[in-house]
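Down below is the structure, laid out as structure tokens.
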Amino acid sequence: MTDAPAEIDGRALRNLIGNFATGITIISTMSDEAPVGFACQSFSSLSLDPPMVLFCPMKTSRSWNAIEAAGRFGVTILAEDQQDACAVFGSRNPDKFASVDWHRSPGGMPILDGELAWIDCTVEKVVDGGDHHVVFGRVQAFGTGEPDKPLLFYRGQYTGIEPDKSVPAPWRADLEEFLFTAGTNDTWL
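Offset between the sequence shown (1-based) and the numbering used here: plus 141.
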């Protein structure tokens, strides 16, 4: 006989997960010729072959409904000076793009000006993830902007990379294998 799992305190779990620093993105699409989007921390690279990313919108997200209907989306990876834009896209403001400068990607997706990088994707697959969806997107095109530092979120606050702490990791085949094949190689267990 196994013990019933302990009741998990959602707020405590959220605080714990806040110890994992994340980049911040804006996930967007065009809906009836108007741009829509939301701020998203739950974004990640997924696969290089085929090229795929994933993000996790709340099931109640109106922006997600538009993205799902369009079948395509853009990803703006925010630069460290885009905190105000992040706040707008994290709000319930129905016209978030009215207060930011933006342009269209080559695939027609709305991308915020001043971005660190952008990605155009098509929706490949959507799976259940509790109170969120897990959306797999196939990368169609991508590019970089001018800034060189990301906007990060850590312990409920915006943060950045300190200049003296920003040292590139040396290229190592084993590290690259781990980053892009984690979970598929028994030698990492």
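We treat Cβ as the ideally placed atom computed from N, Cα and C, and that holds for glycine.
Starting from residue i, trace the alpha helix (DSSP H) both ways and give me its first and last residue.
i	result
Asp269	Segment 258 to 270 is the beta strand (DSSP E) holding Asp269; no alpha helix (DSSP H) there.
Val229	224 to 230
May I have the straight-line CA-CA distance separating residue i from residue j, to the nearest angstrom?
i	j	result
Ala188	Val194	With the sequence shown as reference, residue 188 is identified as Ser, and Ala is not the correct amino acid for it. Roughly 7 Å between the two C-alpha positions.
Ala181	Asp173	Per the sequence presented here, residue 181 reads as Cys, with Ala not at that position. One C-alpha to the other measures close to 22 Å.
Ala258	Ser232	22 Å
Lys200	Asp269	9 Å
Leu154	Arg296	12 Å
Ile158	Ser240	30 Å
Glu209	Val216	14 Å
Val264	Trp243	22 Å
Could you pull the start and end residues of the beta strand (DSSP E) that residue i belongs to?
i	result
Gly284	273 to 285
Pro251	251 to 253
Arg245	243 to 245
Using the Cβ count rule (16 or more neighbours within 10 Å means buried), how would you classify residue i?
i	result
Lys237	buried
Ile149	exposed
Phe161	exposed
Ala226	buried
Val289	Reading off the sequence, residue 289 comes out as Asp, not Val. Classification of Asp289: exposed, given that the 10 Å Cβ count is below 16.
Glu287	exposed
Ala147	exposed
Thr204	The question names Thr, yet the displayed sequence has Ser at residue 204. Ser204 should be labelled buried.
Asp222	exposed
Gly278	buried
Pro198	buried
Gly178	buried
Arg152	exposed
Thr325	Because the pLDDT of Thr325 is 49, which lies under 50, any placement of that residue in the model is unreliable, and the question is left without a value.
Under a three-way DSSP split, which group does residue i fall into?
i	result
Gly301	coil
Ser219	Reading off the sequence shown, one finds Leu at residue 219, where the question assumed Ser. Reduced to three states, the DSSP call for Leu219 is coil.
Leu293	strand
Asp150	coil
Arg155	helix
Could I get the ranges of all uninterrupted alpha helix (DSSP H) runs contained in the segment 159 to 217, with 4 residues as the minimum, in chain order? 203 to 211
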